[in-house]
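Numbering (the working numbering), first residue to last: 19 to 355. Quick reminder that beta carbons are idealized off the backbone N, C-alpha and C, glycines included. Below is one structure; the comments refer to it alone.
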């Protein structure tokens, strides 16, 4: 197995892009999930208004991650999409429904229709988070290369204890992260106290879910004991970060909690990348997966695309920062604290 420097760089870059989607898309998907806990029309208005300026910029990272995977590792891209065709199509449909719900919400004056569209945003946000987590967990768990017979067998093989826990963890993280985001933007508004209570509860739930996921992950890695020290270290620092975030949330320091939640997501993804390297698609059998050398494009393509990424990724990041600065106040003029 001869791994080049460019292949390693692109492996890391795909992980970075996935991490960026998780920490940017995470808070607006999470805010959408919080609509399931919203009974007041004003609070639903505030939630949709809070995520409306950001969702399109945040999904750029998901598109960029898919494009980077296609350009740098076309074989892995084709394997993932063909072997996970059903969940990918369902995820795309959910993303479309979510956008429709956000855009149509403010076009309706009737509160019943607004409640209907907020329900669409809630359901699509929650199912998108769960499905994305299950898909990523299935890839990491090495389920793509497991033989299957027929449609349902191919779909159900993706659901394992690890992938199910990953789906729950993704949804729990999005929900807690989104609630923290809304608590930051709410400031001292009349519904801020409810959002802050919700964020504290969801942070506690996230910690419990992460502990369960960590146990399941470490049990799986007993098959590859050489990765256990790295995984244990990554899990430890991720837990410390998450614990600090929960502590800041309890003290009503929501900006600090928000930053630490983002750091937790990056550390968790970095841990999984470190454990799976050099396999971009691991397999249940050791050394039977698809490594980055076998999946990579030519050195010329990787070099050209690295130049493109060197320009495009900073521009996408600048766009996110600009959007955040412009819309740091909601449309009623309430400054985020």
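Q | Best match in 279, 264, 95, 277 for proximity to residue 215 [C-alpha to C-alpha] | A | When each option's Cα is compared against that of residue 215, the closest is 264.
With 16 other Cβ atoms within 10 Å as the buried cut-off, status of residue 226
Exposed.
Margin query: Buried or exposed for residue 128, going by 16 or more other Cβ atoms inside 10 Å?
Written below: Under this definition residue 128 is an exposed residue.
- Task: Determine the extent of the beta strand (DSSP E) in which residue 21 is found, giving its start and end residues.
- Result: No beta strand (DSSP E) contains residue 21, which DSSP labels as neither H nor E.
- Can you give the Cα-Cα distance for residue 29 and residue 158, rounded to whole angstroms? Cα to Cα, residue 29 sits roughly 14 Å from residue 158.
Using only alpha-carbon positions, find the residue among 312, 61, 319 that is nearest to residue 133. Closest in C-alpha terms to residue 133, from the list 312, 61, 319, comes 61.
**residue 297, DSSP secondary structure in three states** = In the structure shown, residue 297 sits in a strand (DSSP, three-state: E or B).
- Query: So, helix, strand or coil for residue 7, using DSSP?
  - Reply: No statement about residue 7 is possible, as the shown extent of the chain runs from 19 to 355 and does not include it.
(request) Can you give me the start and stop residues for the alpha helix (DSSP H) that residue 58 sits inside? (result) For residue 58, there is no enclosing alpha helix (DSSP H), as DSSP marks it with neither H nor E.
Exercise. Determine the contact status of residue 91 and residue 314, defining contact as a CB-CB distance below 9 Å.
Key: Result yes, Cβ atoms of residue 91 and residue 314 sit closer than 9 Å.
As assigned by DSSP and simplified to three states, the class of residue 271
Per DSSP, reduced to three states, the secondary structure at residue 271 is coil, with no helix or strand assignment.
Can you grab the Cα-Cα spacing for the pair residue 198 / residue 63, in whole Å? Cα to Cα, the separation comes out at about 17 Å.
Reference residue 131, options 186, 59, 177, closest by Cα: For the residues 186, 59, 177, the minimum Cα distance to residue 131 belongs to 59.
Exercise. Applying the criterion that 16 or more other CB atoms from any shown protein chain within 10 Å of the CB defines a buried residue, is residue 202 buried or exposed?
Worked result: Counting Cβ neighbours within 10 Å, residue 202 comes out buried, since at least 16 surround it.
For residue 239 and residue 186, I'd like the C-alpha separation in whole angstroms.
As the crow flies, the alpha-carbon of residue 239 is around 20 Å from that of residue 186.
(request) Leaving aside the five residues before and after residue 108 along the sequence, list all residues of the same chain whose C-beta is less than 7 Å from its C-beta, in chain order. (result) Closer than 7 Å at the Cβ level, and outside the excluded window around residue 108, lie 149.
query: Do residue 96 and residue 115 have their C-beta atoms closer together than 9 Å?
result: Here residue 96 is not near residue 115, since their CB atoms are 9 Å or more apart.
Would you check if the stretch 171–191 and the stretch 326–342 touch, i.e. whether three or more CB-CB distances between them fall below 8 Å? By the Cβ test, the stretch 326–342 is not in contact with the stretch 171–191, since fewer than three Cβ pairs between them sit closer than 8 Å.
Alpha-carbon to alpha-carbon, residue 112 and residue 102:
Rounded to whole angstroms, the gap between the alpha carbons of residue 102 and residue 112 is 16 Å.
key: Contact set for residue 351: own chain, Cβ-Cβ below 6 Å, skip 5 residues either direction   = With a pLDDT of only 39 at residue 351, under 50, the local geometry of the prediction cannot be trusted, and no value is derived from it.
### Task
Could you tell me if residue 253 is buried or exposed, where buried requires 16 or more neighbouring beta carbons within 10 angstroms of its beta carbon?
By the neighbour-count rule (16 or more Cβ atoms within 10 Å), residue 253 is buried.
> Of the choices 110, 235, 221, whose alpha-carbon is the least far from that of residue 280?
Replying inline: Answer by Cα proximity: 221.
Q) Which value, in whole angstroms, describes the spacing of the CA atoms of residue 85 and residue 310? A) When the Cα atoms are used, residue 85 and residue 310 turn out to be separated by approximately 16 Å.
- Whose C-beta lies closer than 7 Å to the C-beta of residue 231 among residues of the same chain, with five residues either side of it excluded? For residue 231, same chain residues with a beta-carbon under 7 Å away, outside a window of 5 residues either side, are 183, 184, 187 in chain order.
Excluding the 5 residues preceding and the 5 following residue 291 in the sequence, name in chain order all residues of the same chain whose CB lies nearer than 6 Å to its CB. Apart from sequence neighbours up to five positions away, the residues of its chain that approach residue 291 with a beta-carbon distance below 6 Å are 33, ordered along the chain.
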